[in-house]
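J.: Can you keep this structure in mind? I'll have questions shortly.
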Amino acid sequence: MSTTTLLSPTDRRVRMRIRSGQGLLTLLFVLCAVISLSTAFADDPFEPSAVTLIASFGCLAAVLGVAVTWGTNTAPALWWALWALPLFFVWHVAALGTWIPDAVLGVLSAVGVLLCAPPRREDRA
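In numbering that gives the first Met the number 0, the protein residues as written are 0 to 124.
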């Protein structure tokens with residue numbers, strides 16, 4: 000018998016909520032990696048070495064973000080680290096004034112982080 004058949008409806012609901020958040024955040028982190036990589040292929044006012052650093056750091060941040068997103072199952076404290084992504088987009092809006100797409104991505108990432116929240120005590124019972 001599989002473990003999914005042994006879960007209560009509440010457990011399934013919590014698992015689906017968390018998986019939805021993890022999927023959304025994974026998509027956003029992959030999008031961030033693609034955007035950072037695109038700097039290597041577009042006309043950019045920065046030096047080539049700076050473009051390489053931007054692209055490689057963006058990819059590194061995306062890989063670490065996906066790892067943290069999927070690690071929240073085993074270490075719920077990692078959930079707090081996920082708030083770095085919405086704060087990144089808030090900083091972009093404040094510093095650059097780019098409401099579209101940064102504000103939209105900020106809201107989506109905050110929703111993803113909230114969906115990944117560790118189960119509350121009453122959800123575990």
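Ideal placement from N, C-alpha and C gives every residue a C-beta, glycine not left out. All of these numbers come straight from a predicted model, not from anything done at the bench.
How far does the alpha helix (DSSP H) with residue 96 in it reach, from first residue to last?
T.: It is not in any alpha helix (DSSP H) - residue 96 carries neither H nor E in the DSSP assignment.
J.: Grab me the residues of residue 71's own chain with a C-beta within less than 8 Å of its C-beta, minus the 5 sequence neighbours each way, in chain order.
T.: Excluding positions up to five away in sequence, the list reads 17, 21, 77, 78, 81, 115, 117.
J.: For residue 99 and residue 93, I'd like the C-alpha separation in whole angstroms.
T.: Cα to Cα, residue 99 sits roughly 12 Å from residue 93.
J.: How is residue 45 classed by DSSP in three states: helix, strand or coil?
T.: In the structure shown, residue 45 sits in coil (DSSP, three-state: anything other than H, G, I, E or B).
J.: Should residue 112 and residue 61 be called a contact, given that it needs their Cβ atoms to be closer than 8 Å?
T.: Not in contact: residue 112 and residue 61 (Cβ atoms no closer than 8 Å).
J.: Does residue 35 pass the burial test, meaning 16 or more other C-beta atoms within 10 Å, or should it be called exposed?
T.: Counting Cβ neighbours within 10 Å, residue 35 comes out buried, since at least 16 surround it.
J.: How is the alpha helix (DSSP H) around residue 73 delimited, first residue to last?
T.: It is not in any alpha helix (DSSP H) - residue 73 carries neither H nor E in the DSSP assignment.
J.: For a test of the three-state rule: what should DSSP assign to residue 81, helix, strand or coil?
T.: Residue state, collapsed to three classes: coil.
J.: When the Cα of residue 33 is compared with those of 59, 42, 10, which residue comes out closest?
T.: Of 59, 42, 10, the residue nearest in Cα terms is 59.
J.: Quick check: the Cα distance between residue 10 and residue 19, rounded to an integer number of angstroms?
T.: One C-alpha to the other measures close to 14 Å.
J.: In whole angstroms, what separates the C-alpha of residue 12 from that of residue 97?
T.: Going from the Cα of residue 12 to the Cα of residue 97 covers about 36 Å.
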